[in-house]
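Top line first, the protein sequences correspond to chains A, B, C and D.
Read in order, the letters of the first sequence are residues 3 to 467 in the working numbering.
Read in order, the letters of the second sequence are residues 3 to 467 in the working numbering.
Read in order, the letters of the third sequence are residues 424 to 905 in the working numbering.
Read in order, the letters of the fourth sequence are residues 424 to 905 in the working numbering.
Even for Gly, the Cβ is constructed at its ideal location relative to N, Cα and C.
Let me begin by presenting the structure, written as structure tokens, before commenting on it.
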Amino acid sequence: MPFIPHTENDIKEMLATIGVDHIDALFDEIPSELRCGELDAIPPGMPEMEVSRLMQMRARADGQPLCFIGAGAYDHHIPAAVWELTTRGEFYTAYTPYQAEASQGTLQLLYEYQSMMTALTGMDVSNASLYDGASALAEAVLMAVRGNRKSKSKRILLPRNLHPTYRRVVHTIVRNQQIELVEVGYDRVTGSIDHAELERYSGEDFAALVIPQPNFFGILEAVDELTNWAHDNGMLAIAVVNPMAMAILRPAGEWGDLGADICCGEGQPLGAPVSSGGPYFGFLCSTDKLVRQMPGRIIGKTVDLDGKIGYALTLQAREQHIRRSKATSNICTNQGLMVTAATIHMTLMGGEGLQRVAAASHANTGKLTQALTSLPGVETVFKGAVFHEQVLRLPIEVTKALRALAAHNVLGGFDLSDDYPELGDAVLVCATELRNEDDIENYRGKLERVIQSQVQTPCQLKPDW
Amino acid sequence: MPFIPHTENDIKEMLATIGVDHIDALFDEIPSELRCGELDAIPPGMPEMEVSRLMQMRARADGQPLCFIGAGAYDHHIPAAVWELTTRGEFYTAYTPYQAEASQGTLQLLYEYQSMMTALTGMDVSNASLYDGASALAEAVLMAVRGNRKSKSKRILLPRNLHPTYRRVVHTIVRNQQIELVEVGYDRVTGSIDHAELERYSGEDFAALVIPQPNFFGILEAVDELTNWAHDNGMLAIAVVNPMAMAILRPAGEWGDLGADICCGEGQPLGAPVSSGGPYFGFLCSTDKLVRQMPGRIIGKTVDLDGKIGYALTLQAREQHIRRSKATSNICTNQGLMVTAATIHMTLMGGEGLQRVAAASHANTGKLTQALTSLPGVETVFKGAVFHEQVLRLPIEVTKALRALAAHNVLGGFDLSDDYPELGDAVLVCATELRNEDDIENYRGKLERVIQSQVQTPCQLKPDW
Amino acid sequence: MIYEHSRVGRRAMAQAPSEKVEMAGIPDAMLRASQPPLPEVSEMQAVRHFTRLSQKNFSIDTQFYPLGSCTMKYNPRACNTLASLPGMLSRHPLAPDTHSQGFMACLYELQDILKIVTGMHAVSLTPAAGAQGEFAGVAMIRAYHDARGDKERSEILVPDAAHGTNPASAVMCGYKAREIPTGSDGDIDIEALKSALGPQTAGIMLTNPSTVGVFERRIKEIAELVHAAGGLLYYDGANLNAILGKVRPGDMGFDVIHMNLHKTFSTPHGGGGPGAGPVGVSKRLEPYLPIPMVDFDGNDYRWLTEQDRPDSIGRLSAFAGNAGVLIRAYIYARLLGREGMHRVSEYSTLNANYLLKRLMEAGFDAAYPERRASHEFILTLKKQAKELGVNTMDFAKRLLDYGVHAPTTYFPLLVPECLLVEPTETEAKEDLDRFVEIMQTIKQEAESQPEMVKQAPHTMPVRRLDDVRAARELDLAWKPGA
Amino acid sequence: MIYEHSRVGRRAMAQAPSEKVEMAGIPDAMLRASQPPLPEVSEMQAVRHFTRLSQKNFSIDTQFYPLGSCTMKYNPRACNTLASLPGMLSRHPLAPDTHSQGFMACLYELQDILKIVTGMHAVSLTPAAGAQGEFAGVAMIRAYHDARGDKERSEILVPDAAHGTNPASAVMCGYKAREIPTGSDGDIDIEALKSALGPQTAGIMLTNPSTVGVFERRIKEIAELVHAAGGLLYYDGANLNAILGKVRPGDMGFDVIHMNLHKTFSTPHGGGGPGAGPVGVSKRLEPYLPIPMVDFDGNDYRWLTEQDRPDSIGRLSAFAGNAGVLIRAYIYARLLGREGMHRVSEYSTLNANYLLKRLMEAGFDAAYPERRASHEFILTLKKQAKELGVNTMDFAKRLLDYGVHAPTTYFPLLVPECLLVEPTETEAKEDLDRFVEIMQTIKQEAESQPEMVKQAPHTMPVRRLDDVRAARELDLAWKPGA
Ligand SMILES: Cc1ncc(COP(=O)(O)O)c(C=O)c1O
Ligand SMILES: Cc1ncc(COP(=O)(O)O)c(C=O)c1O
């Protein structure tokens, strides 16, 4: 009986105390016609050594290809200390800190996290995490609708150069509350939000404008102009940012004349491995003014009976366990452990460290762009300045090209042809600080060969993958 | 400056307090002609992410071949909890527990370790570890010479079927103290100590007889007879055992009429990964009578000022830091962390768990033997009962066979032809509980092909490795 | 505070690239004027700070933690170690299927195991926690009604004992949440239910055993009533630990269910998360399951996406949910196997009933003394609060001094001065016995020195905190210069 | 005690093969009659027990630990993480060279780095700790004399301040250890040395800076004297942290040296070990180095064994020493690089001199007030012991109450009531300042409430332990039925 400490003797004594003969009697309130039999279709238990063998096999099966995909998940260096500390039992196996006196470790850490996130984004306050970047944006949208006193509408302006999956997730989450998402196109030359198209909505009633920085194409937006435009039109400005970019770019709190009202995004670049997409964490910051509209846990600093500093969950009256159907959100369990990792990560990197990582990623993506566009027919699609991603057009069918590269253990980027067919054979590439010159040359060399072979045998032969 | 917290400002203030202008002035007592220049030949520092890349490459370079080598290092399942706990900073970064009140964690754990080792070996007392199994045997020999009041000689009987490297290590360590190691041969049929040869020394003055269980060939010795013979002849009996074997075999403390006097061996099978040979730990147990001759740390249970139970280093008057040149050994730093792992390992396995591992290893080696000896020309060399290793003779040159297997990622066992040329093309194989039927079939199939190809092209063609 | 160790220019040097910052090609106006004010500390200072912080927590790895409704049981260490194999951590979520077969095999098998154990027709793993599972479930209920053109349904019924996420999730899906009272025997008030049901009823959210720790005996009847009214039944799987392998939500008549893998499948709580809240559905709701899901054609695993599942309620996160948590749950499920699953419910129920019995013998009042406990039970300290002036919160805080985490307090709200106690199956009899002894001691203390108990805890890193001040004088972040 | 949780039949079931024990083919008489009495506990009980035990320790990761002679500095976590990569842990020590190139490359480069940084001609990594390095070093001295037929040499000289391992190692190699006094300035008494030298002198063991925390200034003269007498010079590398990149043992005239990688190269102490004690030698001792060593021919790495090195003193352990510790040291060396090594000595020396100065200003007496501190220094609390009756041990124990590990006490023995303080380079100024404050506070306490200090510690898991009882009523293992 794995993980069950009961001895034969224990069981006997316990049953006697309860006054039943066998354990099954304890289930006698369940109508017998509902009782299920054995779960035969589930495999029998395996000892840890066999599960270990299985998982090693599975982990090895997926290889460790050289990865140039970003598109919302970024492979950055994580100091060894981060996860050695995060997985300490006292962090790993604690519950949400309801009993503050017995949870000061987690509570203080979360307060430190909130401090660091406000430092990074330039916002006033931060919550203690949401599920991920995409659902955080959905919560930000709901928050804006609740928080924008000037707007009577439930309409939101959402740019098309925002991560396509983020747009889908927001749609899934907000649509049942009759919120309308209005898409704004992008400029085909610069890759940034089409200001002319935006201008058409001037004067209309929207609750908020969503501003990505960088946008899904890696391009930097004119955030000051956009923020001011939103405010001039009675909208809140919701910033969706890469937190790593915040280390070097002007923080959301300083955009335009008044700063963004809400800033959210995916926390993964701050200490979470790419690990198949999760667990990551969504962060959500805002101005002081909006704090009571904020979803999720918030930790406050206070004092104990002796006046000693301590930390506790606060503003709980926003939350479902107190306010139930009137809560700001249904979120309960959040992504605490990932926030623990992020807090340790930010501490170890410091401001300078994050800036260096951001700068190195920016530089490497530049080098990658240069290397790949040196190949005949490969070109950048947009003219705007980028952070650490770039859209490239290939001279061959992009889906096939990526498949061919993968067969050579290079993941060549994110295929844009499904989501943005108008861009042709376009791929979104990313080189973080971990992709060095050898890696870039490896990619270049392989792409060169793939292009050559495809150009030589134009589509007649279906390659055998 | 990795790992150095000093800011410019700190440095300035500290120098001012000391009253010097620059750090180099602090080295002014070193004669200037002795000062060295830059260490140019050492590579410059690398950030963790680059070292990480380097080490990943190095680790991958060595592959993860399917391993049937034992010969003193055994690949057993280690519960995940063992190293997750052992590497907790409070264990990992503590020093030897000199300040008992601030080291009760380590001290209690070591006491528990001593308890478990005596449980396993059936001996009265255990120390808190020595470097490894081989050097532990050397210490056991020195201990026997000191401890055997009946013997005036410094002679030791050492069987030739003891691990060859152990014999070499003992020689290195004891020879400068004029201790003489006399080798006893083995029976070519059974593989165990040649009793007839031993009988020839009957009546002579030896300090001790060393009794391996199992011996290097994996064969079980007639330990009762040997122990009694030693005692009858005024010698101490030194048991050298595999601790995993102790889970199922009669423990050293119960050998013969009086039990072994000293029991030592390699602790690696108890929770240490094979990891290139170290760190492992040597264990050393003895009878109560010999405790004051024991080298190394020993932890005792005692009470504090309030009568509360506590643990402390004890019998320190045996040790170098107190007794200096009269100490029982020069050992200071031992293998504490490995003992931490072993203690957690034994706790998680329990008696039943260790027995199952031992039994499964025994059974798998049996299956391996059967599978390989089903190949024409492959045969067992000895007739004695084994624990979990077996000597096989191959129909082809063993060194070449092993090289060919390695080229197919199977490490086929330990080549005995250097140390025991009299056995011909003999190999020592081992299959622990982790080598399952697929693995065994994999080995069998590859050996079959290797034999076929070698038999077909008998030695003319030098294969290209 | 980590910022107390911060000094300008100090840095964990080994952690950043060696090159200085240069941002070629980005206009200066877009760059930030100064470094973000993160802590500037050495690596050792960081390690020491967070190691010591961690020691201030109670946790499963250090304390008995009978927090009702939360299933704080042992989190096998192998789940973490194996889920952290380099090949697992380095897989990019958008890696092609050719480089994802190992990972997807785990997910596919987990879908299967969860289907079997809940008796549902299909499972999607993607919700990130229980509440997101609830959202997905209610959204599927809505999608179902919508697809049938049945658009007037506007209410979701929830028992008054329900967890706060239930009504909150209903509202997030645009429904009104309407409360149904609990009868004095702990079961739902069926008459009240009947009168609440109607053409406006979209569905009902239940957990069974309920949050009052007893099995809802008339569940079949309830299912029939709700279905007859055209509504669907939602099962909140937070209490699945109680019935694993004994009775299946699908067999009870539920149409949709979420599971909390961070409860029943023992993935760690991590000081608040992450969790995973997979949803299972009956056949009629299958088309609406959230994506992505994993499919297997006998040879290869592949993702099911918008193309394959046009009626799906859609996506809930950027990728496939909390993948690493799913992997941990998968490993746990393989370690347990079918026998292990039966035993989870058996021994968690044994522990709860034993502990309840012993506490009753020790003079504590059960909220539902006539009922079997499920995997948890409710005590009410009404008597103690009234007679001694020592309330449930005081008991809870005093427990901390004895090295035991407090049970859940004041939930569900309908039982006054309540403690919801869930020992879980991984606790040994002697630890339950010790809990009884401690509760007895505290009761004696409450009699002889009530002030001391009301001021508890006395041995924690801090004493009771001023929550009012925390909410009034909001201090939510350290600011430079503060 | 873990055995307190033990119950017959309890078991961490997931950890063993599922098959019952069967020992076919082994005669019954050879089998043990009953299971070994190991603890029978559940996995969670084990995890909880050892997690809580760990919390009772002081450690570098939690406390300032200025333990002189021990170099308790930050152990970079990357060293552990990277040394624990699956490929590293799974390599069998007897794997063929074809499957060992990655591992051997690390060892070869480490040999090189250590050679350069010590100025020695060749290095063998195999000794498992400092003391085993000493043994190997002295054994090489003996092998050298023996090879030259110079067989009458019977003595190894050691300063009275030497670490206990030095004389003990000399004796293990069959030598007599003869003590040389230390002068009042902390340097060796050269006249005494001269009169001790003679044809019986095999060599001298020194550490420089010495264990009294000062640099032996006349080291060149000493080397000449010893060499002139036909003896060799042994360097105890325990204090190498003080001089890394400043002065090299090879340049000082030493013939053989050991290094403590668990000190200077920051591999963890692990509550007592493991360490690693590589030895370096001048050209004339090279043939005698212990095996195995790693060689590189420009393409491949290979082991040097008995065949290659027939004059070697031989092997010291079954395989290649504490490989995992060597890998950690290698990683540390690559992280530091050459600049980093210089800085180790610079900042450890800065910290020691600063701390010494501040403590002297605070009224504490240095043992050698006229001398520069090296990376450590000695205080003598003679005055306090005499005037207040509060001795060094009392100060040490009281420090624990303030969350600081005590410095080394009563070593070296020649300085009465001494504290050997080694702050290391990884501690920040503010932590040194705090140490000074605490020492001042304790001094005040010693004046105002000496009994309280003499009874310290007061906040540890236990109070002062009865060492006499521990040694008299030996209780060295829990026994069944006890
Ligand atoms: C009964 C019940 N329902 C729902 C939830 C919500 O689950 P989660 O916290 O995973 O969002 C909980 C969790 O506390 C619960 O106890
Ligand atoms: C000066 C000195 N020499 C030698 C040693 C012995 O080294 P080890 O403990 O590694 O055997 C020590 C360790 O404490 C020491 O401080």
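Which ranges does the beta strand (DSSP E) cover as unbroken runs of at least 3 residues, wholly within the region 695-782 of chain D, from first to last along the chain? 702-704, 716-719 and 724-727
Determine, for residue 787 of chain D, whether the minimum Cβ-Cβ distance to residues of chain B falls below 7 Å. no
Can you give the beta carbon distance from residue 104 of chain A to residue 823 of chain C, rounded, assuming they're within the 8 Å contact cut? 5 Å
What's the gap between the Cα of residue 143 of chain B and the Cα of residue 183 of chain B? 10 Å
For residue 353 of chain A, report the span of its beta strand (DSSP E) as first-last. Segment 338-375 is the alpha helix (DSSP H) holding residue 353 of chain A; no beta strand (DSSP E) there.
Complete runs of the beta strand (DSSP E) confined to the region 564-606 of chain D [at least 3 residues]: 578-582 and 599-603
From D:626, D:427, D:516 and D:558, pick the residue whose C-alpha is nearest to that of residue 282 of chain B; which is it? D:516
Chain-ordered chain A contacts of residue 474 of chain D [CB-CB under 7 Å]: 91
Does the Cβ of residue 302 of chain A lie closer than 6 Å to at least one heavy atom of ligand 1? no
Alpha carbons only, please: which of B:228, B:381 and B:456 is nearest the one belonging to residue 428 of chain B? B:381
Under three-state DSSP, which class holds residue 478 of chain D? coil
By the 10 Å Cβ neighbour count, where 16 or more other Cβ atoms means buried, how is residue 460 of chain A classified, buried or exposed? Reliability of the predicted coordinates at residue 460 of chain A is poor, the pLDDT of 49 falling under 50, and no value is obtained from them.
Starting from residue 49 of chain A, find everything on chain D with Cβ-Cβ shorter than 9 Å and list it in chain order. 436, 437, 438, 439, 440 and 441
Below 7 Å between beta carbons: does that hold for residue 496 of chain C and residue 832 of chain C? no
In this structure, does DSSP put residue 166 of chain B in helix, strand or coil? helix
Among residues of its own chain, excluding the 5 on either side of residue 463 of chain B, which ones have a beta-carbon nearer than 8 Å to its beta-carbon? Interpretation of residue 463 of chain B is limited by its pLDDT of 45, a score under 50 that renders its predicted location unreliable; no figure is taken from the coordinates.
For residue 691 of chain C versus residue 498 of chain C, is the C-beta distance shorter than 7 Å? yes
Residue 656 of chain D by DSSP, collapsed to three states: which one? strand
Kindly indicate the opening and closing residues of the alpha helix (DSSP H) around residue 531 of chain C. 524-541
Classify residue 482 of chain C as buried or exposed, calling it buried when 16 or more other Cβ atoms lie within 10 Å of its own Cβ. buried
Using only CA atoms, which one of D:830, D:765, D:872 and D:895 lies nearest to residue 858 of chain D? D:830
Taking only beta-carbon positions, decide if residue 844 of chain C is within less than 7 Å of chain D. no
Run through DSSP, which three-state label would residue 464 of chain A get? Any reading at residue 464 of chain A needs caution, since the residue's pLDDT is 45, under 50, leaving its predicted position unreliable; the model's value is listed next. Here residue 464 of chain A sits in coil by DSSP.
Ends of the alpha helix (DSSP H) at residue 807 of chain D? 805-811
Exposed unless 16 or more other CB atoms sit within 10 angstroms - verdict on residue 903 of chain D: exposed
Contacts that residue 436 of chain A makes with chain B (C-beta to C-beta distance below 8 Å): 51 and 55
Between residue 9 of chain B and chain C, is the shortest Cβ-Cβ distance under 7 Å, so that the two count as touching? yes
Looking only at C-alpha atoms, which of C:556, C:840 and C:806 sits nearest to residue 815 of chain C? C:840
According to a CB-to-CB cut-off of less than 8 Å, which residues of the region 170-184 of chain A neighbour chain C? 170, 171, 173, 174, 175, 178, 179 and 180
Please give me, in chain order, every unbroken run of the alpha helix (DSSP H) with length at least 4 that falls completely inside the region 443-513 of chain C. 466-477, 500-506 and 509-512
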